[in-house]
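Reviewing the structure listed below.
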DNA sequence: GTCTATAGGCCGATAGAC
DNA sequence: GTCTATCGGCCTATAGAC
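Protein chains in written order, with this note's numbering: chain A, 268 to 472; chain B, 268 to 472.
Right, here's the structure in full:
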């Protein structure tokens with residue numbers, strides 16, 4: 268029936284509105300500010316609808332996290348297949364909206380056991396993707412201690428960019444310019460060495 | 268009067284008990300779990316005493332932070348004057364109790380404006396101390412681009428150790444061994460270069 | 001699927017007796 | 001300085017009408 272389809276679409280629309288509102292609050296005011304009432308206020312609907320569509324609050328947070336993880340996975344894959352993958356990963360990790368939300372989820376994980384497992388699983392997933400990628404990259408360069416560096420490099424990139432975003436949120440920027448310049452320089456150089464412009468240009472023919 | 272002195276001592280004891288309880292809860296369950304009632308329960312006293320001794324909750328958090336900052340400053344100074352200062356700073360930043368609490372205060376800063384300024388001020392203070400210290404160290408080594416590195420090095424050390432502690436809290440340890448080995452090695456080497464054992468041994472005579 | 005109404009809990013904070 | 005008592009607020013979550 269057409270009415271069933273319409274109802275389903277409407278339901279999806281409400282779910283999206285709730286998730287969007289939750290995400291906005293979480294980004295701007297932190298996970299602690301996310302409540303069914305604040306979501307309702309932001310999305311322009313009644314707080315009980317949150318429970319109707321998502322069950323308990325834990326499930327809402329899980330749904331939001333999974334949506335975010337999917338989105339991040341796409342951006343992550345794009346960064347990895349860029350001509351300068353290390354620098355692209357670095358810039359992606361520097362994106363304030365993305366990283367800010369990730370940090371909030373980590374904070375949330377300290378409070379809610381059901382969330383912690385998901386965050387941990389997701390973090391390990393991306394870490395594994397990055398380590399594998401960098402390992403291949405270093406091997407193709409003939410680097411000797413590729414095993415250690417392939418773990419260290421992605422870890423440092425993510426940790427440092429995360430710290431930059433965190434401090435920016437606190438209104439601090441001491442030394443940030445130096446850190447940005449240093450990593451842009453070093454990562455670009457490594458990218459250029461692993462994926463020389465000539466090879467790329469030849470490969471595309 | 269002796270009774271006045273006794274009362275003052277008792278008051279200090281209560282204040283300490285409250286701060287200790289708040290710190291314990293914050294460490295174990297996160298800043299969101301710190302409430303006057305939970306403090307009272309943990310410290311074995313009435314929740315109203317929290318307000319009597321500290322005014323509003325913001326002031327309690329400020330008092331706790333300042334106590335913690337003082338403690339950290341002492342440890343920080345000790346690390347800087349160690350024979351291998353960079354590695355000592357690295358190990359200090361890796362201390363879970365210290366770093367875990369710092370991270371909770373950063374989260375708290377997202378919620379409470381009055382706290383944010385204090386956290387930012389303190390972070391800048393330590394950053395400045397570290398940058399100055401590393402700059403002198405690199406200059407004595409005759410490093411050319413000492414200005415950039417003196418900003419990058421402390422930033423990376425703090426960011427990476429913070430990320431290690433954070434992940435450990437989530438139950439993740441993928442690649443941690445490699446990161447630990449790498450930084451221990453690199454920082455120790457830099458320390459040894461700047462403060463050779465012979466120079467130290469001669470200077471102490 | 002959305003509404004009104006409401007139960008039950010923890011919170012910050014204050015007033016006033018002792 | 002510590003006690004009892006209490007107010008008002010925001011929260012999660014559910015019941016039941018439409």
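Ideal placement from N, C-alpha and C gives every residue a C-beta, glycine not left out. Values in this document were obtained by computation on a predicted structure and should not be read as measured data.
Which of helix, strand or coil does DSSP assign to residue i?
i: residue 321(B); result: helix
i: residue 313(B); result: coil
i: residue 349(B); result: coil
i: residue 297(A); result: coil
i: residue 290(A); result: helix
i: residue 457(A); result: helix
i: residue 436(A); result: helix
i: residue 451(B); result: helix
i: residue 462(B); result: coil
i: residue 410(B); result: coil
i: residue 358(B); result: helix
i: residue 442(A); result: coil
i: residue 379(B); result: coil
i: residue 278(A); result: helix
i: residue 417(B); result: helix
i: residue 389(B); result: helix
i: residue 428(A); result: helix
i: residue 395(A); result: helix
i: residue 270(B); result: helix
i: residue 302(B); result: coil
Are the CB atoms of residue i and residue j nearer to each other than 8 Å?
i: residue 352(B); j: residue 400(B); result: yes
i: residue 331(A); j: residue 424(A); result: no
i: residue 225(A); j: residue 329(A); result: In the structure as shown, chain A starts at 268 and stops at 472, and residue 225(A) therefore has no counterpart that could be examined.
i: residue 428(A); j: residue 360(A); result: yes
i: residue 367(A); j: residue 432(A); result: yes
i: residue 365(B); j: residue 339(B); result: yes
i: residue 371(A); j: residue 390(B); result: no
i: residue 281(A); j: residue 316(A); result: yes
i: residue 430(B); j: residue 426(A); result: yes
i: residue 439(B); j: residue 387(A); result: yes
If you draw a straight line from the alpha carbon of residue i to that of residue j, how long is it in whole angstroms?
i: residue 420(B); j: residue 461(B); result: 14 Å
i: residue 374(B); j: residue 292(A); result: 15 Å
i: residue 414(B); j: residue 383(B); result: 28 Å
i: residue 314(A); j: residue 326(A); result: 15 Å
i: residue 410(B); j: residue 451(B); result: 21 Å
i: residue 494(A); j: residue 412(A); result: Because chain A here runs from 268 to 472, residue 494(A) falls outside it and cannot be looked at.
i: residue 403(B); j: residue 305(B); result: 47 Å
i: residue 270(B); j: residue 342(B); result: 36 Å
i: residue 296(A); j: residue 436(A); result: 11 Å
i: residue 348(A); j: residue 337(A); result: 17 Å
i: residue 274(B); j: residue 454(B); result: 50 Å
i: residue 272(B); j: residue 278(B); result: 10 Å
i: residue 398(B); j: residue 363(B); result: 23 Å
i: residue 358(B); j: residue 358(A); result: 29 Å
i: residue 464(A); j: residue 396(A); result: 24 Å
i: residue 276(B); j: residue 294(B); result: 27 Å
i: residue 408(A); j: residue 334(A); result: 36 Å
i: residue 405(B); j: residue 405(A); result: 29 Å
i: residue 449(A); j: residue 459(A); result: 15 Å
i: residue 441(A); j: residue 441(B); result: 31 Å
- [ ] Would you be able to state if there are at least three C-beta pairs under 8 Å between the segment 306-316 of chain A and the segment 379-395 of chain A?
- [x] No contact exists between the segment 379-395 of chain A and the segment 306-316 of chain A.
Check: Is it true that the segment 437-454 of chain A meets the segment 408-422 of chain B, where meeting means three or more beta-carbon pairs spaced less than 8 Å apart?
Finding: Contact between the segment 437-454 of chain A and the segment 408-422 of chain B is established, with three or more Cβ pairs separated by less than 8 Å.
For the segment 279-287 of chain A against the segment 313-322 of chain A, do three or more pairs of beta-carbon atoms, one drawn from each stretch, fall closer than 8 Å, so that the two count as touching?
Short answer: they touch.
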